[in-house]
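Enquirer:
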Amino acid sequence: MATQDRFTTALRQNKAWAAQISKENPDLFRKLSAGQHPEILWIGCSDSRCPETTLLGLNPGDVFVHRNIANILQPSDLSSTSVIEYAVRHLGVKHVVVCGHTNCGGVSAVMANKQLGVLDSWLLPLRKLRDTNASRLKSLPADKALLQLVELNVLAGVKTVKQKSVVAEAMKKGLKVHGLVYDVGSGVLQELDTSVSDKVVRKRLTLFKKEV
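Going by the working numbering, the first residue of the sequence shown is number 989, and it counts up by one from there.
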């Protein structure tokens, strides 16, 4: 019943939202009906706490999106590969973002070695990443180890994205690939230094701040 109530409320609020957006930006929906021209491809987790357009302070049409459990990128995954191909080749995005987040259920499950049925196959790359970095993770306090695996997963995703031929070619023409971590406890994004493979250096993200 609670879920139905939430949905009913959300559906009713949609009309108020559309009216408010139309008031603030009268041309937005007209432009969106003619096509999309996003500059950012966002590859993130399906977690309900990580709404990319909202946390970036952007509008509908600004971000092309692919989300899945634990933001895992597998070279053989047709879904993410198709999204990347379309975004880079046909939409001409200027930035590709791989974003993980704190308190990720998938990462926590892998660290605790939980058995999750059909999800076990999907999380296998994350389990392999955990095993490859076992000594480093075991040397850290539990919360730091979780964050480290989140970061390592993002870096692995960035590497996978960059290995796509369509991305490699676009990078020669200026396409940028970024690795981010979203802190669900503060709402703040951190950008990872993807130029290094043996350590993670974070810096506060300023690139995607909405212009005032």
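Every residue gets a Cβ at the ideal spot worked out from N, C-alpha and C, and that includes glycine. All values reported here derive from a predicted model rather than from experimental measurement.
Between M1099, L1107, V1106, which has its C-alpha nearest T1120's C-alpha?
Expert: Closest by alpha carbon: M1099.
Enquirer: What residues in its chain sit with their C-beta under 6 Å from that of T996, if we drop five residues either side in the sequence?
Expert: Cβ neighbours of T996 within its own chain (closer than 6 Å, five residues either side excluded): none.
Enquirer: L1143 and L1180 look like a contact to me (Cβ under 8 Å); what is the Cβ gap, rounded to whole Å?
Expert: Sure, about 6 Å apart at Cβ, within 8 Å.
Enquirer: Quick one, are the C-beta atoms of V1165 and V1149 less than 8 Å apart?
Expert: yes
Enquirer: Report all residues from its chain with a CB closer than 7 Å to the CB of E1040; omit the five preceding and five following residues, and keep chain order.
Expert: Leaving aside the five residues that flank E1040 on each side, the residues in its chain whose CB is nearer than 7 Å to its CB run, in chain order, W1030, G1032, V1051, V1053.
Enquirer: Let me make sure I understand the geometry here. Which of K1019, G1045, R1118, K1011 has the alpha-carbon closest to that of V1176?
Expert: With distances taken between Cα atoms, V1176 lies closest to G1045.
Enquirer: Count the CB pairs spanning the stretch 1102–1112 and the stretch 1054–1067 that are closer than 8 Å, and state whether there are at least three.
Expert: Verdict: yes, contact present.
Enquirer: On the DSSP bridge list, what partners appear for R1055?
Expert: G1032
Enquirer: Just to confirm my understanding: we take S1067, look at its own chain, exclude 5 residues before and 5 after, and list those with CB closer than 8 Å. What are they?
Expert: H1054, N1056
Enquirer: Is it the case that the Cβ atoms of L1137 and V1095 are separated by a distance below 8 Å?
Expert: yes
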